[in-house]
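Peer 1:
4 protein chains.
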Amino acid sequence: MDVEPSTEQTDMDAFFEELASKRMDALWRREEPSRPGGRRAPYAPAHWSWGEIRPMLERAGQLVKPGPDAARRVIQLINPSIREVRSALHTLTANVQMVLPGEIAPSHRHTNAAIRFIIEGEAAVTIVNGEPVSMSPGDLVLTPGWHWHGHVNQSSGPMLWMDTLDRPLLATLRIGTGEPYPDELQPATKPMGHSSAHFGGKGLRPVGERGQPVSPLFLYRWAETEQALHELAKMESDPFDDVAFDYVNPTTGGHVMPTIGCRIQMLRPGFHTRAHRHSYASVFHVFRGSGSTIVDGVQIDWSQGDFVALPPLSWHEHLNRSDSEPAFLYSSIDEPVIEALNLLSEDEYAEHGGYQPVTSKYSAS
Amino acid sequence: MDVEPSTEQTDMDAFFEELASKRMDALWRREEPSRPGGRRAPYAPAHWSWGEIRPMLERAGQLVKPGPDAARRVIQLINPSIREVRSALHTLTANVQMVLPGEIAPSHRHTNAAIRFIIEGEAAVTIVNGEPVSMSPGDLVLTPGWHWHGHVNQSSGPMLWMDTLDRPLLATLRIGTGEPYPDELQPATKPMGHSSAHFGGKGLRPVGERGQPVSPLFLYRWAETEQALHELAKMESDPFDDVAFDYVNPTTGGHVMPTIGCRIQMLRPGFHTRAHRHSYASVFHVFRGSGSTIVDGVQIDWSQGDFVALPPLSWHEHLNRSDSEPAFLYSSIDEPVIEALNLLSEDEYAEHGGYQPVTSKYSAS
Amino acid sequence: MDVEPSTEQTDMDAFFEELASKRMDALWRREEPSRPGGRRAPYAPAHWSWGEIRPMLERAGQLVKPGPDAARRVIQLINPSIREVRSALHTLTANVQMVLPGEIAPSHRHTNAAIRFIIEGEAAVTIVNGEPVSMSPGDLVLTPGWHWHGHVNQSSGPMLWMDTLDRPLLATLRIGTGEPYPDELQPATKPMGHSSAHFGGKGLRPVGERGQPVSPLFLYRWAETEQALHELAKMESDPFDDVAFDYVNPTTGGHVMPTIGCRIQMLRPGFHTRAHRHSYASVFHVFRGSGSTIVDGVQIDWSQGDFVALPPLSWHEHLNRSDSEPAFLYSSIDEPVIEALNLLSEDEYAEHGGYQPVTSKYSAS
Amino acid sequence: MDVEPSTEQTDMDAFFEELASKRMDALWRREEPSRPGGRRAPYAPAHWSWGEIRPMLERAGQLVKPGPDAARRVIQLINPSIREVRSALHTLTANVQMVLPGEIAPSHRHTNAAIRFIIEGEAAVTIVNGEPVSMSPGDLVLTPGWHWHGHVNQSSGPMLWMDTLDRPLLATLRIGTGEPYPDELQPATKPMGHSSAHFGGKGLRPVGERGQPVSPLFLYRWAETEQALHELAKMESDPFDDVAFDYVNPTTGGHVMPTIGCRIQMLRPGFHTRAHRHSYASVFHVFRGSGSTIVDGVQIDWSQGDFVALPPLSWHEHLNRSDSEPAFLYSSIDEPVIEALNLLSEDEYAEHGGYQPVTSKYSAS
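Respectively, the protein sequence lines represent chains X, L, W and E.
Take any residue in the first sequence, note its place counting from 1, add 4, and you have its number in the numbering used here.
Take any residue in the second sequence, note its place counting from 1, add 4, and you have its number in the numbering used here.
Take any residue in the third sequence, note its place counting from 1, add 4, and you have its number in the numbering used here.
Take any residue in the fourth sequence, note its place counting from 1, add 4, and you have its number in the numbering used here.
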């Protein structure tokens, strides 16, 4: 014989149904209990190897052309633990774009801010609001929100770079639109490298240019960045980052853009950083070198070209496995957003002398 | 006879499959074309009438008690056009909470920031980090992120108020945790109304208290707010807001909290505001009066107690239908978030002398 | 027999002479040795009694009329220890102005910022950039730099108020000019009390008005200020200030103007504050009450209407000598300047339980 | 027969005397009328030639040793039009210091902030709070307020540099003290060039170092500065400054210190800037080149090593007289002070196509 539902149950169900019919719900119905153990990473880290990414770009090179077939020839990195977001992080993307010799990625603009970190190739050019910006490996190029930008590769080889956009963040904020440039490529109205010259050098700023919300400096050259890292390495090391800089908006000393922060890090040969965690998310690209990152006890081994996504609040530490070569990690972070909302926090890993026990090796699935 | 897929198609499908197997995707696969007509509201407005809300709270009062059955006796307003978010706006909630005589909503704290705008009842108390804050209709009470707060109703009648939390925003940012207070109710360690006295009066601030990221003033009394509105009305009117103030953090002059802004507005008898739109979202509660709001051509008629959600970029104008009584609208807005990300924009409606043609009446569905 | 100067001496003198002839000097010639005992007040405090000031204004009333004889009928308080500055403090003035019934102090404007703290009389009006501002005892009225301002007394009695200008500071910065208004009195273009209504009330600000360098609120009414002080007194007391507020720029939460800060303080009956010192200067007017201030060991006894100048770094403590009546002290301070130059410091007096031994009574000379 | 003073006159004199006896004065007694013609420079410019300065330092080298005879061997430049201030500007000094081989200028610290711009010599060292900073011609070295600093010259030649201190400004603010270091020279506790490495390079900043009120970067190397100027010159020119940068605090993007701003300017061969004026004062040193500056119609011809003081609000334009060589001008300015007090203004010279008629040649007297 079947059991009758209790009267209470029936009443409650009827109540819930009526609420639904009136565009309401009961808060207590789906209440998440306060998570025991307090704060922890909301999703899993992810790793993508260059050995898998590069061939897919080759294939994409044969299958689609930028413009006619696709606004951009871009392979997206999808973190399986947040598949619905179709991105490496819940706020930022880490994708790879390829432009072949003679190709043009037509000029357009959109609400989304973007950065390009150059991986491979020489002498391609991005035109940002009329300024041609040259692209070489290790360079960081900014295309802030609502700035026109198009790419052209007049070199003899393919051009590949990392794209980070704030697309997932702006999508959750339901903000965003875009438009194509009237012509295929916006013409250059400024000399090559204008903003680089305009923003002078270390400790210098054009007279009177102050407090702009977005960096007016569009190019951060690898040659200068690498030299700065080596100079810093002679002087000091941070236990959690070893040798690291934030790229900054020269008019404020703050992050380059309000939605995307950029960081460059050198791990000296054999260096093993201590573990810490913070309330902002990070995705890094291995520009040079090979090593491991332990994330919440999971060991991720990486080498040149790889990408690793670190969710907020994940405990992480880095190890450079080479005894002779430094490793260089470029990171896109959402720290400026978390900081603006007064939600910034950082914790040092206290146990085991600051190093996590490795519980497993990372395996994609 | 059936048609064979083209070779190209087969290759492309195979490519997409292989990408998926490697935690990647092709950006061009799901590309949204730049929306013609440019920017517009990303979802629909919504309206809830007090005539529907109040009875459901009565029922809830019979069905659940705060504490044992439910952390809080709260009815959520669900905007059908963003049902997945289970909220009035994509960033902020607009819910209604009821505490009956003798009841206690136990003390807890969470990452989410919250505000309470009192709708009905007298002399209930919220204890915020040890400070008892009295609650009367029209009062605004702040319970900032990670501040302990519990509610107790020692009066003879039910206490009802509007809750706005930044829960949807923090959920999209994957941030948030909480914990119950060791006891049912955190004891009062400060005198009633401490922060109100501490933050003195108009144009006054305790010596040396500057630049705090979150307002240390927890109570904004209706009596003072209403008087300020009437004084302003004698002087001037804004074409888009008529008579309006933002509630501020007295240590910065900015919004009360980094994730939630609060606004109070008086529509004078018969006043019809001109239409505008902005890139931040707003949900308002009709504290007093009756009238209409036209949102993207849809007319929403409202009266006391109702709630209306206005998505970002929706054209909106308000009309007070009374010839004799002012209407008072309290709004929770996400402007501080949009502003921090440098995404703030506002447009005035230029056609038809600034007033939208009404294309339809709002109907829930 | 007389002594010959040494050769060295002759050479050095000749050298100094030649330097002088070439618009140079030798730094070591007039070097101040680092003062033993470190930092201390650079000049002496000063006290002026209302009993001496008031009669002089009477006389001035008979001798000069504002306009024809004098731009303003103002008696300056001169601190004898900085006589060359012809002011109460080295940065700010504390003067007293009188406008008799039917008189007009013609409209003008100047680089100098000024405040008026009303001492005596009712219903005179200051027109600030077209806004009529009523003046009653205890009110604070701002006339920021380069704002037109004129005063008119249409009441039946004399109007007296304290003037503080940043004249000495701007004079040392060699900045400053001014000009008369084309007519005798600038006409009112705004309703009486416009900015008071515009800046609403406690914790309220007009939508979108943010970050203005100078307070757009021109009037701080005594009725509201006194009430705020009494409410604060019920809650708490500061050991060095007892019950005190800074007047603020409602758009920033900071001081009302970049060169002059304003503070109001209530000493409860019998209260004796502990001694401290700070790197900013202060001059206070006794609005109500009687008591003593001990400054670097010197006891200054004051009563209603008196003025006391406290130089930077002077140790000071206040005592209200009444057992029944509170004392109210209004202060003009140069804290915003010192803070902007990153020179702010404060020290608590550690010895003798925080109270200075009195070494002498103040005597003017 | 002699004339009797009028009764009014007698009364007024008696009144003034009585006021003086009571530490008061009558404002109208010494009133400056509003200057016709409005704002203009408060004092005269000044010029000092290196041909006169250098020999006096030679003489000083024979007459005094740093330490025993003089805290520093410094020749002060005295602007005759503000002789009482004993400085080049009313806010800032422009002096020249010489340290001979083997000499030490003992470590001390003081409230005054200072900068050194190196004129002559190689490989001397300034130890700033334990960091050895090397000094070469064209380098800018900061010794912020209350930072220990001592100089040592272990090279084979004399070391000469420009000193700018905010001494006159702090003197007018009655602020300032100092103390000698316990030993002659503070020992180095950091490696040479630490802050240069720490603050990386163009567009880079150590992780998390934000918003410090004073620049933590102590050395700005000429090699980098000159390169930046040449790169900028390829791109653009400012009509009033030709090619110029402000030195910045890398943690804010603002001026290096709250009381002293530093600027470097390159005038290309033959370039003649248009005339303008601003409300801040400036004193420049001719690091390289020769030309003329027209100040309020007075032509000052300068060549390498010279100094020119430009008072606030003086109309000024620069001309590089060489057809082949650029001229480099280093300037110390008080802009950060004027800006903090909300007194910043700039005007372009409108007449005669933007160039002043020359009314006379500068002559010292």
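Yeah, the Cβ is synthetic: ideal placement off N, Cα and C, and Gly gets one too.
(1) By how many angstroms is the C-alpha of Ser336(X) removed from the C-alpha of Leu96(X)?
(2) Note the first and the last residue of the continuous alpha helix (DSSP H) segment covering Trp32(L).
(3) Closer than 9 Å, Cβ to Cβ, to anything on chain E: give me those residues from the region 273-301 of chain W, in chain order.
(4) Can you pull the chain X neighbours of Lys69(E), defined as C-beta to C-beta under 8 Å?
(5) Taking the Cβ atom as the reference point for each residue, do Asp167(L) and Val211(W) lie within a distance shorter than 7 Å?
(6) When DSSP builds the beta bridges, which residues end up paired with Gly182(E)?
(7) Quick check on the DSSP output: the beta strand (DSSP E) that includes Pro316(X) runs from which residue to which?
(8) Should His94(L) be flagged as near chain X, meaning a C-beta pair shorter than 7 Å?
(9) By Cβ distance, which residues of its chain are closer than 7 Å to Val341(X), with the 5 residues on each side in sequence left out?
(10) Shorter than 7 Å from the beta carbon of Leu104(W) to some beta carbon of chain E?
(11) In the DSSP assignment, find the unbroken beta strand (DSSP E) run with Phe20(L) in it and report its ends.
(12) Can you check which of these residues, Pro243(W), Leu31(W), Arg325(W), Arg225(W), is closest to Ala354(W) by C-alpha distance?
(13) Considering only the alpha carbon of each residue, which of Glu12(L), Met60(L), Arg34(L), Phe20(L) lies closest to Ala30(X)?
(14) Would you call Lys206(E) buried or exposed, if buried means 16 or more other Cβ atoms sit within 10 Å of its Cβ?
(15) Rounded to whole angstroms, what's the CA-CA distance from Met102(E) to Ala50(E)? Just pull it up for me.
(16) Could you give the distance in angstroms between the alpha-carbon of Leu144(X) and the alpha-carbon of Phe121(X)?
(17) Just the C-alpha distance for Ala192(W) and Pro148(W), rounded to the nearest angstrom, thanks.
(18) State yes or no: is the beta carbon of Asn346(W) nearer than 7 Å to at least one beta carbon in chain E?
(19) Using a C-beta cutoff of 7 Å, does Pro40(L) count as contacting chain W?
(20) Near His259(E), what residues of its chain come up, given a Cβ to Cβ distance below 6 Å and the 5 sequence neighbours on each side ignored?
(21) Compare the Cα-Cα distances from Lys238(L) to each of Pro254(L), Met270(L), Gly257(L) and report the closest residue.
(22) For Tyr47(W) versus Ser91(W), is the C-beta distance shorter than 7 Å?
(23) Can you give the Cα-Cα distance for Ser328(W) and Phe275(W), rounded to whole angstroms?
(24) Is it buried or exposed for Gln80(L), if we count other Cβ within 10 angstroms and need 16 for buried?
(25) Helix, strand or coil for Met261(W)? Go by DSSP, reduced to three states.
(26) Just the Cα atoms here: how many angstroms apart are Arg39(L) and Pro72(X)?
(27) Please classify Glu12(E) as buried or exposed, where buried requires at least 16 other C-beta atoms within 10 Å of its C-beta.
(28) Which residues in the same chain as Thr181(X) place their Cβ atom closer than 8 Å to its Cβ, once the five residues preceding and following it in sequence are excluded?
(29) What does Arg209(W) reach in chain L if we use C-beta pairs closer than 7 Å?
(30) Within 10 Å of its beta-carbon, does Asp187(X) have 16 or more other beta-carbons around it, so buried, or fewer, so exposed?
(31) Look at Tyr185(L) and Trp152(L) and say whether their C-beta atoms are less than 7 Å apart.
(32) Chain W partners of Arg267(L), CB-CB under 8 Å?
(33) Please determine if the region 279-293 of chain W and the region 316-331 of chain W are in contact, where contact requires at least 3 C-beta pairs separated by less than 8 Å.
(34) Ends of the alpha helix (DSSP H) at Pro59(E)?
(35) With distances taken from CA atoms, which of Ser140(W), Pro217(W), Ala109(W) is nearest Trp226(W)?
(36) Select from His356(L), Leu208(L), Ser294(L) the residue whose C-alpha is nearest the C-alpha of Ser219(W).
Peer 2: The short version:
(1) Start at 1 with the first residue of the first sequence, and residue 96(X) comes out as number 92. Start at 1 with the first residue of the first sequence, and residue 336(X) comes out as number 332. Roughly 8 Å separates the two Cα atoms.
(2) The residue you call residue 32(L) lines up with position 28 of the second sequence. Note, Trp32(L): premise wrong, no alpha helix (DSSP H); not H, not E.
(3) Ser283, Ala285
(4) On the fourth sequence, residue 69(E) is found 65 positions in, with the first residue counted as 1. None at all; the shortest Cβ gap to chain X is about 34 Å.
(5) Within the second sequence, residue 167(L) is the residue found at index 163, counting from 1. Within the third sequence, residue 211(W) is the residue found at index 207, counting from 1. It is not a contact, given that the beta carbons lie outside the stated cut-off.
(6) For the purposes of this step, residue 182(E) is taken as residue 178 along the fourth sequence, with counting starting at 1. Bridge partners of Gly182(E): His114(E).
(7) On the first sequence, position 312 is the one that residue 316(X) refers to. No beta strand (DSSP E) holds Pro316(X); DSSP gives it neither H nor E.
(8) Numbered from 1 along the second sequence, position 90 holds the residue referred to as residue 94(L). Taking Cβ atoms only, chain X reaches closer than 7 Å to His94(L), which makes this a yes.
(9) Looking up residue 341(X) in the first sequence gives position 337. Excluding residues within five positions, the ones whose Cβ falls inside 7 Å are Thr95, Leu173, Thr263.
(10) Residue 104(W) sits at position 100 when you count from the first residue of the third sequence. For Leu104(W), the answer is no, since every Cβ of chain E falls outside 7 Å of its Cβ.
(11) Translated into positions along the second sequence, residue 20(L) becomes position 16. Careful: Phe20(L) lies outside any beta strand (DSSP E), inside the alpha helix (DSSP H) at 11-25.
(12) In the third sequence, residue 354(W) corresponds to position 350, counting from 1. Per the Cα distances, Pro243(W).
(13) Position 26 of the first sequence, counting from 1, holds the residue named residue 30(X). When only C-alpha atoms are compared, the closest one is Met60(L).
(14) Within the fourth sequence, numbered from 1, the residue matching residue 206(E) stands at position 202. Per the 10 Å Cβ criterion, buried.
(15) As a first step, residue 102(E) is located in the fourth sequence; it is residue number 98 there, counting from the start. As a first step, residue 50(E) is located in the fourth sequence; it is residue number 46 there, counting from the start. Between Met102(E) and Ala50(E), the C-alpha separation is close to 22 Å.
(16) Along the first sequence, read from residue 1 onward, the residue named residue 144(X) stands at position 140. Along the first sequence, read from residue 1 onward, the residue named residue 121(X) stands at position 117. In a straight line, the C-alpha of Leu144(X) is about 5 Å away from that of Phe121(X).
(17) Residue mapping note: residue 192(W) aligns to position 188 of the third sequence, counting from 1. Residue mapping note: residue 148(W) aligns to position 144 of the third sequence, counting from 1. When rounded, the distance between both Cα atoms is 17 Å.
(18) Counting from one through the third sequence, the residue named residue 346(W) turns up at place 342. For Asn346(W), the answer is yes, since a Cβ of chain E falls inside 7 Å of its Cβ.
(19) In the second sequence, counting from the first residue as 1, residue 40(L) sits at position 36. Reliability fails at Pro40(L), whose pLDDT of 45 lies under 50, so the model's placement of it is uncertain and no value is given.
(20) Counting from one through the fourth sequence, the residue named residue 259(E) turns up at place 255. Gly265, Pro340, listed in sequence order.
(21) By 1-based counting over the second sequence, the position of residue 238(L) is 234. Of the listed residues, the one whose Cα sits closest to Lys238(L) is Met270(L).
(22) Locating residue 47(W) in the third sequence gives position 43, where the first residue counts as 1. Locating residue 91(W) in the third sequence gives position 87, where the first residue counts as 1. For Tyr47(W) and Ser91(W), no; Cβs fall outside 7 Å.
(23) On the third sequence, residue 328(W) is found 324 positions in, with the first residue counted as 1. On the third sequence, residue 275(W) is found 271 positions in, with the first residue counted as 1. If you take the alpha carbons of Ser328(W) and Phe275(W), they lie about 11 Å apart.
(24) Residue 80(L) sits at position 76 when you count from the first residue of the second sequence. By the 10 Å Cβ count, Gln80(L) comes out buried.
(25) Working through the third sequence from its first residue, we reach residue 261(W) at position 257. Of the three classes helix, strand and coil, the one that applies to Met261(W) here is coil, per DSSP.
(26) Locating residue 39(L) in the second sequence gives position 35, where the first residue counts as 1. Locating residue 72(X) in the first sequence gives position 68, where the first residue counts as 1. Legend: pLDDT at Arg39(L) = 48, less than 50; position of this residue unreliable, value from coordinates given subsequently. So the two alpha carbons sit approximately 18 Å from each other.
(27) Walking along the fourth sequence from the start, residue 12(E) turns up at place 8. Exposed, because fewer than 16 other Cβ atoms sit within 10 Å of the Cβ of Glu12(E).
(28) Mapped onto the first sequence, residue 181(X) falls at position 177. Contacts found: His114, Thr115.
(29) What you label residue 209(W) is simply residue 205 of the third sequence in a count that begins at 1. Phe249, Asp250, Val252, Gly257, listed in chain order.
(30) If you number the first sequence from 1, residue 187(X) lands on position 183. With fewer than 16 other Cβ atoms within 10 Å, it is exposed.
(31) Along the second sequence, one-based indexing puts residue 185(L) at 181. Along the second sequence, one-based indexing puts residue 152(L) at 148. Yes. Within cutoff.
(32) Here the question's residue 267(L) lines up with position 263 in the second sequence. Chain-ordered, the chain W residues with CB closer than 8 Å to the CB of Arg267(L) read Val211.
(33) yes
(34) The residue given as residue 59(E) occupies position 55 in the fourth sequence. The continuous alpha helix (DSSP H) containing Pro59(E) extends over residues 54-67.
(35) Reading the third sequence from its first residue, position 222 is the one you call residue 226(W). Selected option, being the one with the closest Cα: Ser140(W).
(36) Residue numbering aside, residue 219(W) sits at position 215 when the third sequence is read from its first letter. Comparing C-alpha distances from Ser219(W) to each of His356(L), Leu208(L), Ser294(L) shows the shortest one belongs to Leu208(L).
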